[in-house]
Amino acid sequence: MRRDGDLYALEAALARRGLGPVAGADEAGRGACAGPLVVAAVILPPSARIDELNDSKLLTEAARERVFERLQRTKALISVVSYSPRDIDRRGVAVCNLEGMRVAVARLPERPGYTLTDGFPVPGLPGSLGVVKGDRTAACVAAAGVVAKVTRDRIMAELDERHPEYGFAVHKGYCTPGHEAALRRWGPCEQHRFSYANVAARAVPAVV
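According to UniProt numbering, the residues represented by the sequence shown are 1 to 208, in order.
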């Protein structure tokens, strides 16, 4: 199945084959070295058309917030799961990501007949299909990406108030030059992922 210019075409095709409702699952924060991993699952109402919905990475922060509010107004079914930095250190980000998608989908108020994920299938999901560039191809995956991103960005803004020296509200925990400079100056805090090499390197004094 191809998008053919319609973000909703894949879900509609699956629904016509009796495979609905179709859920989308996506994450935010996998590549960050601080803050949580947030995974979301979304089932859109069959007739919903969400203005501005797109890959969360292509939207401004203000646009993501607008889309998030529209998803709530359309009564989309939404489930969110979060994993702390310590969860990630103990279990690994890939394990948390896969489990998070299964848990988020399982917690949806309605069991989906099919689940779309971004890039790769996830074992254990109902009818799991990995879609290349899924957040630009399937509306439910794009919606899950926006929910995960907005939820995580809000968490990072709260963490910035507790740890203003790191600039979490700006870089959201990703490995930017500014974040690396803060790590060099202040060392990591409890919101950092110590299993990540750049954080581990700043956790102990350098050997001279």
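The beta carbon of each residue, even a glycine, is placed where N, CA and C say it ideally should be.
Residue environment, residue i, which counts as buried when at least 16 other CB atoms sit within 10 Å
| i | result |
| --- | --- |
| F168 | buried |
| residue 212 | For residue 212 there is no data in the structure shown, the boundaries of the chain being 1 and 208. |
| G187 | exposed |
| E27 | buried |
| E161 | exposed |
| E11 | buried |
| A109 | Note that residue 109 corresponds to Pro in the displayed sequence, not to Ala. Exposed, since its Cβ has fewer than 16 Cβ neighbours within 10 Å. |
| A203 | exposed |
| P164 | exposed |
| A182 | buried |
| A197 | exposed |
Distance, residue j Cα to residue i Cα
| i | j | result |
| --- | --- | --- |
| L19 | L116 | 12 angstroms |
| R152 | N54 | 17 angstroms |
| A138 | M101 | 16 angstroms |
| A142 | T60 | 14 angstroms |
| L129 | Y114 | 8 angstroms |
| R184 | T176 | 12 angstroms |
| residue 209 | V131 | It is not possible to answer for residue 209, since the shown part of the chain is limited to 1 through 208. |
| E99 | G124 | 9 angstroms |
| Y166 | L71 | 32 angstroms |
| D6 | R107 | 28 angstroms |
| K133 | A201 | 33 angstroms |
| I78 | V199 | 33 angstroms |
| E158 | R73 | 25 angstroms |
| V208 | V146 | Residue confidence is low: V208 scores 33 on pLDDT, short of 50, so the model does not pin down where it sits. Its coordinate-derived value is still stated next. Looking at the two C-alpha atoms, the distance is approximately 45 angstroms. |
| residue 209 | G178 | No information on residue 209 is available, as it lies outside the stretch 1 to 208 that the chain covers here. |
| R91 | A62 | 34 angstroms |
| E180 | P126 | 40 angstroms |
Contact under 8 angstroms by Cβ, residue i with residue j
| i | j | result |
| --- | --- | --- |
| V67 | A144 | no |
| A25 | V39 | yes |
| A76 | A48 | yes |
| P85 | A34 | yes |
| Y8 | L37 | no |
| E65 | V150 | yes |
| F194 | D89 | yes |
| R30 | N97 | yes |
| A32 | K172 | yes |
beta-carbon residue i near the ligand FMN non-hydrogen atom, thresh 7 angstroms
| i | result |
| --- | --- |
| L129 | This structure does not include the ligand FMN; it has no bound ligands of any sort. |
Expected contact under 8 angstroms - CB spacing of residue i and residue j to nearest Å
| i | j | result |
| --- | --- | --- |
| D135 | S56 | 7 angstroms |
| L44 | C140 | 5 angstroms |
| A15 | P46 | 7 angstroms |
Which of helix, strand or coil DSSP assigns to residue i
| i | result |
| --- | --- |
| D153 | helix |
| A48 | coil |
| G20 | coil |
| L7 | coil |
| L116 | strand |
| D87 | helix |
| A76 | coil |
| D160 | helix |
| L53 | coil |
| G130 | strand |
| E110 | coil |
| P177 | helix |
| V199 | helix |
Cutoff 8 angstroms: residue i Cβ touching any chain D Cβ
| i | result |
| --- | --- |
| C140 | In the structure shown, chain D cannot be found, because there is only a single protein chain. |
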